[in-house]
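Taking numbering that gives the first Met the number 0, the leading residue of the sequence shown gets 0, the next gets one more, and so forth. Cβ coordinates follow ideal geometry from the N, Cα and C atoms, glycine included. This structure is a prediction, so every number in the text was calculated from the model and none was measured. To start, the structure under review is shown below, and the notes come after it.
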Amino acid sequence: MTQPQDPFSYPPIDPVNFDLIIVGTALSESVIAAAASAVGKTILHLDPNSFYGSHFASLSLHDLTSYLSSPHSLPSAAATTTDSDDVVVIDFVQQPLCSDAEIATYDESAFLSENSRKFSIDLGGPKALFCADKTIDLLMKSGAAQYLEFKGIDESFVYEANAGLANVPDSRGSIFRDKKLSLKEKNQLMRFFKLVQQHLDDTQEEKIPEEDLEIAFVSFLEKMKLPPKIKSILLYAIAMLDYDQDNNEVCIELLKTKDGIDSLALYSSSVGRFPNAPGALLYPIYGEGELPQAFCRRAAVKGCIYVLRMSVVSLLMDKVTGSYKGVRLASGQDLYSHQLILDPSFMIPSPLSSSPRDFPSEKLQMLGQRDIKGMVARGICITRSSIKPDVSNCSVVYPPRSLYPEQLTSIKALQIGSNLAVCPAGTFILYFSTMCNDADEGKKLLKAAMNALLTLPVSGNSESIPSVQSDSEDIKPIVLWSAFYIQKLIMCKLEFISSTPTPDGNLNYDDLLDATRKLFNQMYPDEEFFPKSTSPEDPTDEDDNGLTLDS
Numbered sequence: 000m001t002q003p004q005d006p007f008s009y010p011p012i013d014p015v016n017f018d019l020i021i022v023g024t025a026l027s028e029s030v031i032a033a034a035a036s037a038v039g040k041t042i043l044h045l046d047p048n049s050f051y052g053s054h055f056a057s058l059s060l061h062d063l064t065s066y067l068s069s070p071h072s073l074p075s076a077a078a079t080t081t082d083s084d085d086v087v088v089i090d091f092v093q094q095p096l097c098s099d100a101e102i103a104t105y106d107e108s109a110f111l112s113e114n115s116r117k118f119s120i121d122l123g124g125p126k127a128l129f130c131a132d133k134t135i136d137l138l139m140k141s142g143a144a145q146y147l148e149f150k151g152i153d154e155s156f157v158y159e160a161n162a163g164l165a166n167v168p169d170s171r172g173s174i175f176r177d178k179k180l181s182l183k184e185k186n187q188l189m190r191f192f193k194l195v196q197q198h199l200d201d202t203q204e205e206k207i208p209e210e211d212l213e214i215a216f217v218s219f220l221e222k223m224k225l226p227p228k229i230k231s232i233l234l235y236a237i238a239m240l241d242y243d244q245d246n247n248e249v250c251i252e253l254l255k256t257k258d259g260i261d262s263l264a265l266y267s268s269s270v271g272r273f274p275n276a277p278g279a280l281l282y283p284i285y286g287e288g289e290l291p292q293a294f295c296r297r298a299a300v301k302g303c304i305y306v307l308r309m310s311v312v313s314l315l316m317d318k319v320t321g322s323y324k325g326v327r328l329a330s331g332q333d334l335y336s337h338q339l340i341l342d343p344s345f346m347i348p349s350p351l352s353s354s355p356r357d358f359p360s361e362k363l364q365m366l367g368q369r370d371i372k373g374m375v376a377r378g379i380c381i382t383r384s385s386i387k388p389d390v391s392n393c394s395v396v397y398p399p400r401s402l403y404p405e406q407l408t409s410i411k412a413l414q415i416g417s418n419l420a421v422c423p424a425g426t427f428i429l430y431f432s433t434m435c436n437d438a439d440e441g442k443k444l445l446k447a448a449m450n451a452l453l454t455l456p457v458s459g460n461s462e463s464i465p466s467v468q469s470d471s472e473d474i475k476p477i478v479l480w481s482a483f484y485i486q487k488l489i490m491c492k493l494e495f496i497s498s499t500p501t502p503d504g505n506l507n508y509d510d511l512l513d514a515t516r517k518l519f520n521q522m523y524p525d526e527e528f529f530p531k532s533t534s535p536e537d538p539t540d541e542d543d544n545g546l547t548l549d550s
């Protein structure tokens, strides 16, 4: 996995024909590279960046600042040829998925610049893994787990309006230890969890009625006469829903009871799965960027060729049929493959600046199509102390309307400390994210979430940020550095050209990996997604012992 300094000086790639060319080393691209390599496909895996992970990378503080501040553009191809008799060359453009970045440094000392490379900051955070989710199973089945080490998230909190942080009651013991729950609330929660367990237990006859499984989960919780506080914990801190389920006008994701029960089951089965993971969540040591790298390593073992700092600049299309033929590299070399997967930041301009003569017009229209499904506002803060004393790594959920009445979406937050090797000793990284339709609206909401837990050392322009009061007696950590930005949710699909999903607003990776598996099955319908290996030199472990956890 060499990293050439200059694409124009890099020697020609040999061979020139592949089953699959992949551009970008984000998580989905890396999983497909490993899965396709495992079934014998010949693959070339390129990345225009000098690092692995693309939009799922973990970067140093300096590199992250540069990435968010600098526009991404494709180099011009060196010594390229023009259209031939049978091939049309169509140039790509690259549009950054991160936009509207606001970066602020509040620490006037040289500490941050001197320790820049000691930070490993996630570009797509906050992200974590449930101990019992599909990502864990895939890591063990694929063999990628052998390249990773995890640590459990210590605590999970929910932010309550005017009351601050409260523990998420995720087990019988935690419910009865929780001092913020009344005895009545504890009994209500225990009865509800018992009902869910009975429903999921095949040996139990008592089940939730079928008609209740098809109604909205929020309606079922109201039918069970659960109070608003308990209902909010179940909907947003355990089921991890994004949109206000009580507001039908804005809720575009109204969860059914059967899906809500599945979410509760995932959370419940995650607690205690691993002996040295205290809660439901895990986080990879060195950051989320380790996940795509682990799958890249699996792919490389199976013969996948890797080249970093090498971009594609043009698409090669058959002049007669309009079908995909190959790509042109920034070095000027033409390469060919049966299929192509593109990083979602690559696109064909629509309309094309000059339409090739005799090229099928319907193909031209399809090449420029992209599906923008929404936006995620993300925030990152570096602090010198934890949001909770004696807690290094923790998750926080702000339910809708917990910060101010107009808050329509939940906010997810994740604090990671130095014991996960992502920041210098004595510092913490706090990630925030929320779904939004407007960049200003999303960043305003994240800044309100930041102000609820953290303090800026100097008074900034906070007139537009809603005031949030907290009864918590904990001293708020001081922000040393912050960044807020927007990521677009983009995906497109053509006959032989696919685009992988961008980092979504979920805390875990299950939806993203479901989309990745679906894409693989569409590309290779007759192949198994990570078949079990019988080679003693290629071990995979599908039981819990295949995952390494740091105590």
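DSSP places C295 in no beta strand (DSSP E) but in the uninterrupted alpha helix (DSSP H) bounded by E289 to V300. Between the C-alpha atoms of P47 and L307 there is a straight-line separation of about 6 angstroms.
A direct Cα-Cα distance of roughly 43 angstroms separates K178 from V30.
Residue environment analysis places V15 among the exposed positions, since fewer than 16 neighbouring C-beta atoms fall within 10 angstroms of its C-beta. Ranked by Cα distance from V390, the options K517, P277 and L19 are led by P277.
Within its own chain, the residues whose Cβ lies closer than 6 angstroms to the Cβ of M239, once the five positions on either side in sequence are excluded, are L506, listed in chain order.
Contact holds between the segment 268-285 and the segment 120-134, because three or more Cβ pairs, one in each stretch, are under 8 angstroms apart. Looking at the DSSP output, N166 shares a beta bridge with F156. For R377, the enclosing beta strand (DSSP E) starts and ends at D370 to T382.
Taking the Cα of S394 as reference, the smallest distance to any Cα among I386, S401 and L182 is reached at I386.
Comparing alpha-carbon positions, the option among I284, L147 and S344 lying closest to V312 turns out to be S344.
In the displayed model, S53 falls within a helix according to three-state DSSP.
Spatial neighbours of M223 in its own chain (CB-CB distance under 7 angstroms, excluding positions within 5 residues in sequence) are listed in chain order as F191.
For N16, the three-state secondary structure derived from DSSP is strand. For A298, same chain residues with a beta-carbon under 6 angstroms away, outside a window of 5 residues either side, are A32, A33 and S36 in chain order.
Straight through space, the alpha carbons of T256 and L212 are spaced by roughly 5 angstroms.
Here the segment 155-172 lies against the segment 217-236, with 3 or more beta-carbon pairs under 8 angstroms apart. According to DSSP, H44 shares a beta bridge with I21 and Y305. In the displayed model, V217 falls within a helix according to three-state DSSP.
Per DSSP, the continuous alpha helix (DSSP H) segment holding Q521 begins and ends at D509 to M522.
For V195 against L263, the beta-carbon gap comes to about 5 angstroms, under 8 angstroms, which counts as contact.
The beta-carbon distance between G124 and E287, rounded to whole angstroms, is 7 angstroms. This is short enough to meet the 8 angstroms contact definition. A distance below 9 angstroms separates the beta carbons of T24 and Q292. In the three-state reduction of the DSSP assignment, G123 falls in the coil class, being assigned neither a helical nor a strand state.
Under the Cβ criterion (8 angstroms, minimum of three pairs), the segment 51-58 does not count as touching the segment 314-329.
Nearest Cα to I347 within the set V88, E248 and L43: V88. Only residues of its own chain outside the window of five on either side were considered, and among them F483 have a CB closer than 6 angstroms to the CB of E101, listed in chain order. Taking one beta carbon from each stretch, the segment 105-121 and the segment 422-439 have 3 or more pairs nearer than 8 angstroms; the two touch.
Under the three-state reduction of DSSP output, M239 falls in the coil class, being neither helix nor strand. Apart from sequence neighbours up to five positions away, the residues of its chain that approach R516 with a beta-carbon distance below 6 angstroms are F528, ordered along the chain.
Between A103 and S401 a beta carbon distance of about 25 angstroms is seen, past the 8 angstroms cut, so the two are scored as non-contacting. Between R383 and Y430, the gap from beta carbon to beta carbon reaches 9 angstroms or more. The beta carbons of L488 and K372 sit closer together than 9 angstroms.
For E101, no alpha helix (DSSP H) encloses it; the enclosing beta strand (DSSP E) starts and ends at C97 to T104. Straight through space, the alpha carbons of V270 and I237 are spaced by roughly 12 angstroms. Annotation for K475: L452, L453 and T454 place their beta carbon closer than 7 angstroms to its own, counting only its chain and skipping 5 residues before and after.
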